[in-house]
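Here is the structure we will look at.
Numbering (our numbering), first residue to last: 1 to 128.
Structure follows, in structure tokens:
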């Protein structure tokens, strides 16, 4: 072995300590970077979850509003239909009576035609 001076040994020890401190500082720095990235990821995932929940709430509100609108519309339509029912019944009754009257009209016209024919015959007989 070579003889080592104590001064050289002290210098080597000092360099070694500096390197160890630098390595430790670098490790701490990387640890901090990694934990910062983890925190960012956690925050991002939390924000994503919160955004998804907000979107779900909005969709649910929109769906509930649409349902309420449909119910209101259906309710109003049902009310209108209820009002129309008596009118429709009256119209149907009138149409029925109209149809009955129509069926009776041909009878009247046949009777009228027959009576006209009889009148014409009578008037011919009188004119001759």
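For each residue, glycine too, the CB sits at the ideal point set by N, CA and C.
Here the C-alpha atom of residue 14 lies approximately 12 angstroms from the C-alpha atom of residue 6. Note on geometry: alpha-carbon atoms of residue 52 and residue 16 lie some 53 angstroms from one another. A direct Cα-Cα distance of roughly 57 angstroms separates residue 41 from residue 80.
Taking the CA atoms as reference points, residue 58 sits about 12 angstroms from residue 50. Look at residue 5 here: in three-state DSSP terms it is coil, with no helix or strand label. In this structure, the alpha-carbon of residue 47 lies about 37 angstroms from that of residue 22.
Inter-residue distance for residue 77 and residue 119 is about 59 angstroms (C-alpha atoms, whole angstroms).
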